[in-house]
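Student: Quick one: the structure is below, questions incoming.
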Amino acid sequence: MNKVTAEEYNLVEDRSRNGLPGPLGAEGGCISIGEVLGLYGELGAESLEALANVRQKPVELKRNQKVFSLCEGRADIFVVKEGWASLSHATSTRGQDICNVFMPGDIIGMRESFFESHDIVILSLTHCKLEKVSVDDLHALFKTNDEIRKAITSYVMVNDNITIERLRSCTHHRSEERVAHFLLEVYARFNFKGLLNSNVFSFPVTQDIVGELLGMTSVHVSRCMTALEQKKLIRKTRSSIKLLQPEEMARNTGFDRDFIYGHICLG
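Count the sequence shown with our numbering and you get residues 8 to 274, in order.
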């Protein structure tokens, strides 16, 4: 069946609110820094306990709320437990251009926290529940715990791969293929975290945000989405996407999941 059924839509909505048993959120949908980093490197009991003892503070954001984040010259770190948010790098000589979007199971500000005066602006695209993680505590573990250092490095490298793949798509493909490539990226990110059990996923990202990420106007994004539907490659609702032929989409766009999540050799 090509349509997004009521059952599939309700499952996506429930999953967005409560998580799905799997690699992340196994304990009632509670996503922690240890669970997230455990996807990117092997963490023993001592490492997980050390991460559990890192100082954390819950942060709740309403839709379209902004957070200007700078922690003593370094960006703050947030684990996304629920909802979607975008990230901008703000400087005195440049505007606040959106450079990435984050979904449940992502960490905002990890890479930026290792740079001085690399402040960030977080915009909540939906209602969000975040966990603000102590930069000092996490960086101290990075220096002293080899497993945690490898997991953090792997997380940063994988997310750099996502950005590289998106940039490659934007410079080598037509607009329709860029949009299809981005949908495959989101699908792969959900799958990697174990937050999907079908080809339907939550997608509450506006066409304006997609356009800014891919270098297109929102009108052009809308036309591309319509074209993908007409070709029976996707079905979309107000806040979800169903991939009807992900393999064909990957062939058409050159999307390479293995490049993003391939084995990282850190020694």
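A virtual CB, placed ideally from N, CA and C, is assigned to each residue, including glycine.
Could you give the residue range of the beta strand (DSSP E) that holds Phe208?
Tutor: Sequence index remark: in the sequence shown, residue 208 carries index 201 (1-based). It spans Val207 to Ser209 - the beta strand (DSSP E) in which Phe208 sits, taken as one unbroken run.
Student: Using 8 angstroms as the cut-off, can you tell me whether the segment 147 to 155 makes contact with the segment 192 to 211, which would need three or more C-beta pairs spanning the two stretches below that distance?
Tutor: Contact between the segment 147 to 155 and the segment 192 to 211 is absent, because fewer than three Cβ pairs lie under 8 angstroms.
Student: Among Cys106, Asp144, Val74 and Ala234, which residue has its Cα nearest to the Cα of Ile171?
Tutor: Within the sequence shown, the letter at position 164 stands for residue 171. Checking every option, the nearest Cα to that of Ile171 belongs to Cys106.
Student: Is Leu55 helix, strand or coil when you go by DSSP?
Tutor: On the sequence shown, position 48 is the one that residue 55 refers to. Helix, per DSSP.
Student: So is Gly48 buried or exposed if we call it buried at 16+ other beta carbons inside 10 Å?
Tutor: Here residue 48 refers to the residue found at position 41 of the sequence shown. Buried, since its Cβ has 16 or more Cβ neighbours within 10 Å.
Student: Taking DSSP as the reference, what is the three-state secondary structure of Tyr16?
Tutor: Your numbering for residue 16 matches position 9 in the sequence shown. Caution applies to Tyr16, whose pLDDT of 44 falls short of 50 and renders its modelled position unreliable; the value that the coordinates give is listed next. Note: Tyr16 maps to helix in three-state DSSP.
Student: Going by the CB atoms, is the gap between Ile169 and Phe210 shorter than 7 angstroms?
Tutor: Position 203 of the sequence shown, counted from the start, is the residue given in the question as residue 210. Position 162 of the sequence shown, counted from the start, is the residue given in the question as residue 169. Contact flag unset, no.
Student: Per DSSP, Asp104 is paired with what?
Tutor: The residue labelled residue 104 in the question sits at position 97 within the sequence shown. Beta-bridge pairing links Asp104 to His96.
Student: Keeping to the same chain, check which residues put their C-beta closer than 8 angstroms to that of Val217; ignore five residues upstream and five downstream.
Tutor: Numbered from 1 along the sequence shown, position 210 holds the residue referred to as residue 217. So the list reads Val186, Phe189, Met223, Ser225 and Val228, once near-sequence residues are dropped.
Student: Which value, in whole angstroms, describes the spacing of the CA atoms of Val43 and Asp113?
Tutor: Numbered from its first residue, the sequence shown carries residue 43 at position 36. Numbered from its first residue, the sequence shown carries residue 113 at position 106. Roughly 7 angstroms between the two C-alpha positions.
Student: What's the gap between the Cα of Thr260 and the Cα of Pro253?
Tutor: Here residue 260 corresponds to residue number 253 of the sequence shown, with the count starting at 1. Here residue 253 corresponds to residue number 246 of the sequence shown, with the count starting at 1. Their backbone Cα atoms lie some 10 angstroms apart in a straight line.
Student: Are the beta-carbon atoms of Ser93 and Leu68 separated by less than 7 angstroms?
Tutor: Residue numbering aside, residue 93 sits at position 86 when the sequence shown is read from its first letter. Residue numbering aside, residue 68 sits at position 61 when the sequence shown is read from its first letter. Not a contact, by the Cβ cut-off of 7 angstroms.
Student: Whose C-beta lies closer than 6 angstroms to the C-beta of Met110 among residues of the same chain, with five residues either side of it excluded?
Tutor: Working through the sequence shown from its first residue, we reach residue 110 at position 103. Excluding positions up to five away in sequence, the list reads Trp91.
Student: I think Leu145 touches Phe262, with their Cβ atoms under 8 angstroms apart; what is that distance to the nearest whole Å?
Tutor: Stepping through the sequence shown from its first residue, residue 145 is reached at position 138. Stepping through the sequence shown from its first residue, residue 262 is reached at position 255. Not confirmed; about 32 angstroms, so no contact.
Student: Is Gly41 closer than 7 angstroms to Ala332 when the C-beta atoms are compared?
Tutor: In the structure displayed, the chain extends from 8 to 274; residue 332 sits before or after that span and is not available.
Student: First and last residue of the alpha helix (DSSP H) that includes Lys157?
Tutor: Here the question's residue 157 lines up with position 150 in the sequence shown. Element bounds for Lys157: Asp153 to His179.
Student: Measure the alpha-carbon distance for Gly35 versus Ile159 and round it to whole angstroms.
Tutor: Position 28 of the sequence shown, counting from 1, holds the residue named residue 35. Position 152 of the sequence shown, counting from 1, holds the residue named residue 159. In this prediction, Gly35 scores a pLDDT of 44, lower than 50, which makes its location untrustworthy; no coordinate-derived value is stated.
Student: Grab me the residues of Met232's own chain with a C-beta within less than 7 angstroms of its C-beta, minus the 5 sequence neighbours each way, in chain order.
Tutor: In the sequence shown, the residue the question calls residue 232 occupies position 225. Counting only Cβ-Cβ distances below 7 angstroms, and skipping sequence neighbours, we find Val186 and Lys243.
Student: Using C-beta distances below 8 angstroms, list every residue in its chain close to Glu255, excluding the 5 sequence neighbours before and after it, in chain order.
Tutor: The count along the sequence shown starts at 1 and reaches residue 255 at position 248. Excluding residues within five positions, the ones whose Cβ falls inside 8 angstroms are Leu240.
Student: Check Ser247 in the structure and name its three-state DSSP category.
Tutor: In the sequence shown, the residue the question calls residue 247 occupies position 240. Correct three-state label for Ser247: strand.
Student: In the DSSP assignment, what residue or residues form a beta bridge with Leu137?
Tutor: Here the question's residue 137 lines up with position 130 in the sequence shown. DSSP output for Leu137 lists Val66 and Val87 as bridge partner(s).
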